Every structure is written in structure tokens, then in C-alpha cells.
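Residues -28 to -1, 1 to 359 (mature numbering (1 follows the signal peptide of the UniProt record, and there is no 0)) make up the sequence shown, in order.
Have a look at the structure below before the remarks.
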Amino acid sequence: MARSSWLLCLLIVIQVWLLCLESMVAECRPHQDRSSAGLRRTPLSRKLAEAGNVSVDLAATEIDFKEWVSYVGSKKHEAVSSEIFYTSAADSGNVITVSKSGGADLTTVQAAVNAVPSNNKQRVVIQIAAGTYEEKVDIPSSKAYISFIGAGSDVTKITWGDTASSAGSTFKSASVAVNSDYFIARDIAFENSAAAPPPGAVGRQAVALRIGGDKASFYSCKFYGAQDTLYDYQGRHYFKNCFIQGSIDFIFGDGQSYYDGCELHSIASSSGSLTAQKREKPSENTGFSFVNCKVTGSGMIYLGRAWGAYSRVVFISTYIDDIIVPQGWNDFGDSSHQKTAFYGEYQCSGPGADSKNRVAWSYQLTASQAAPFQTISFIDGSSWVQS
């Protein structure tokens, strides 16, 4: 049999098999949302179409097949292939392009999120062109494996201006809210444009990004705000080479997060606080670890305030500018937190790292005390972090 005829027969067999499988999956799971609006063909369907002039779009079938394999194996997220790590548009077959000026699939980021099928288990890259996107974005928990890839954190920005007062709560004030697992962002800025409040102002909390999904990663991103800029709400998170700006509690929440080579920039006019970590029980694995970071900016701020009784924050090998209150740490107005919070520094440098006037209940860590916080093992990151 001629090679071309053999190849054509093989392609027909594969096509028929996939179409039968699509029918079987549809019959077994009739309520599954298979919408693929705005998604480009995945690599397999594209190659089949090119090789055999197959006109049927098999993207939905491929998605259903992968979901079916996960479903019958009862593996769900744990069974997903290495596609979950894709961080660039070129790496993934599922790409949605966004541009304000046209020439892309969609013109808003939220529309791109809406185009991702519910219960998604494939990496979907939302490639966002340069521009300022004035919109409030929400990613529901049913839409995992989404990547936001910008054209650069200085040219691609999502911004909104809600406050706790205008939105009804700090939680709802987020310009971008991520509730799903395996979220990735690269080369993009997140901003809450609300004006910086004076210390003690009521209802002026204004979140740029709230991250509540598990195993989320941020690479070369920027976060702009004042009070409560980055709501590290819950879950395990990795931040690499990011810039985070604020004035009061500008990294806060009960996440279990590792900040690697980030710049933490204060815009406080007088007093403020860098972190407000909310670990409330000794059994929780949560906390913030800052490794090889820089603390810069203005004002006289605390490294952290004990929002939770067992608040846990560690700075390791971090340069600290002369903007830190000599005491370093604050009990959030509850002296009982002094007995339970864990605040530590290890091999930090710079004028703000002078430890001689630190509060007695904080720690200048030994090497063995610092070790659990020093690598991505703190967030169980070896299986999901692309460092």
C-alpha cells in the first residue's frame, strides 16, 4: 500500500475513533460544558487537519477525552499532564488573545475568562496585548489552569478602583479575583487605582489582586495599590521577580506563600505595615517567606502586623532600606499575639535590617530555624513551581 494511502487510512480511523468517543462522552456526561468559544485548536487537532484536510474541529473532543480519563481515574487535578506548567502562548495549543485595539479574539480580559469552559482541566493561555484594561476581573473556582500572559508589566495592566466602602467589603474590592487553582500570571500589572488613605481611615482598603486558589504562580508581575494591595487570601502561591507596592498591610491574608527575588515598595507618607499575615492556629501550614527580596520606598513601616494570633512571616537574605520602624514588628493591638506569632529574620542586610531594637518576641533566626522557609519546599513547590 502506498505510504500516502496508508497515512490517509490511519487519519480516517483516528478521526472516526475520536468522533465516536465524543458521542460516548456526550451520552455519559450530558451536562458537561464543552464550550470552546475563543479557543484555538489544540496541537493534535491542528496537525490532523493540516495532514489530512480534516474539516471537523476536534478540539472539544480532545478536551472531553482528557476530562474523561481524569474522571474515570478519579485523579482530577493530580492527573493533569505537564501542560499545567505552560506560561507562554507558544507552549499551549489553547490560546485566547485579547487586545483593546482589535485584531484579537476578544477585547476584554473578563470575556476571555468567560470563554474558558467550566471544569476546565487543560492549560488555557490568555495572551493580553499591551494596554490598560479598565475592568474588574473574576475567575471562578471552576476555571482552573488559566494563564494571564501580558506584553510586559510596564505596558499591560488591569486596573479598577473599588474600595471596601464602595464594594461592600475588602474581599469584594479586588480589581482581579482569582478563585481557581493552578493560575499563572507573567509580565502583567494588577492595580487598584483608589487613592492612598491616611492611617486609620475607615473603608479605604483597596485590593489590586486577591488570590484564593491553590498552586498559583506569578512571574515578573507588578501589583499597585496602597492599603491592602495584594490579598494573599488562601492557598499555596509562588511569586518570582515581582514588584509589590503599597502603604498599609499591602501583603495580607492567610496564604502559604514564597516570595522569591521580589521588590516590596512602600509608598507610606508616615506609618504603615508591609505584611499582615492571618495564621490563626498552630496547626496551619500558612505563612509568608520572603527570600532574596528588597524592601524599598518611603515612610516608617513595620515589617509585619499580627493579624492572626499565630501570624508567621520570615525574611531571609533580604535587603531592607531605612524605612523600617526599629522595633520591626507589631502585635496588631493584642499583646497575647506576642506569645504566639512567629516573626523571623535571617542574614538580612541594609540599614533597615539593624536588629538591636527589634521587639523581644521576634527572632533573629539560626540556619536551622531558617531552613524550612528558605526554599520552595515551604509551599510544597517541587511538583508545580517553575522557578
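Even glycine gets a Cβ: it sits at the ideal position worked out from N, Cα and C.
Remember, predicted model here, so these are calculated numbers, not experimental data.
Here Gln358 is exposed: its Cβ has fewer than 16 other Cβ atoms, across all protein chains shown, within 10 Å. Annotation: the continuous alpha helix (DSSP H) that includes Ser340 extends over Ala339 to Ala342.
Taking 8 Å as the cut-off, the beta carbon of Ser145 is found no closer than this to the beta carbon of Asp159.
By the criterion of a C-beta distance shorter than 6 Å, Ala166 is surrounded in its chain by Gly133, Thr135 and Ala178, once the five residues flanking it on both sides are discounted. Selection Thr290, Val331 and Ser321 evaluated against His309 yields Val331 as nearest (Cα-Cα). For Ser349, the closest alpha carbon among the candidates Val297, Ala339, Ser229 and Ser245 is that of Ser229.
For the pair Ala281 and Phe287, the Cα-to-Cα distance works out to about 19 Å. For Phe304, DSSP records no beta bridge to any residue. Between the region 236 to 244 and the region 185 to 193, the count of Cβ pairs shorter than 8 Å is below three; the stretches do not touch.
Residue range Val81 to Ala87 is occupied by the alpha helix (DSSP H) that includes Ala83.
Distances from the alpha-carbon of Ile156 to those of Tyr105, Gly197, Ser141 and Cys214 put Cys214 closest. For the 8 Å CB-CB criterion, Leu275 and Thr258 do not form a contact. Here Asp204 is actually not in contact with Phe143; their C-beta atoms are around 13 Å apart, not less than 8 Å. DSSP places Gly133 in the coil class of the three-state scheme, outside both helix and strand.
As the crow flies, the alpha-carbon of Arg95 is around 11 Å from that of Pro89. In the three-state DSSP reduction, Gly324 falls in the helix class (H, G or I).
In the DSSP assignment, Ala332 falls outside any beta strand (DSSP E), carrying neither H nor E. Distance from the CA of Lys328 to the CA of Val267, rounded to the nearest whole angstrom, comes to 19 Å. Assignment of Ser289 by DSSP, reduced to helix, strand and coil, places it in the coil class. Closest in C-alpha terms to Ala139, from the list Phe314, Asn164, Pro323 and Lys129, comes Asn164. Boundaries of the beta strand (DSSP E) harbouring Gln228: Gln228 to Asp232, taken from the DSSP string. Taking 8 Å as the upper bound for CB-CB distance, Ala313 and Ser289 are not in contact here, some 22 Å apart. Given a length threshold of 3 residues, each whole run of the beta strand (DSSP E) inside the region 231 to 269 is given here in chain order: 235 to 249 and 259 to 263. Closest in C-alpha terms to Ser114, from the list Asp153, Glu107 and Val127, comes Asp153. For Ser192, same chain residues with a beta-carbon under 8 Å away, outside a window of 5 residues either side, are Ser125, Arg158, Asp159, Lys212, Asn213 and Cys214 in chain order. The alpha-carbon of Phe120 is positioned some 22 Å away from that of Asp200. The C-alpha of Val263 is placed about 33 Å away from the C-alpha of Val67. One Cα belongs to Gly300, the other to Ile98, and the distance between them is close to 40 Å.
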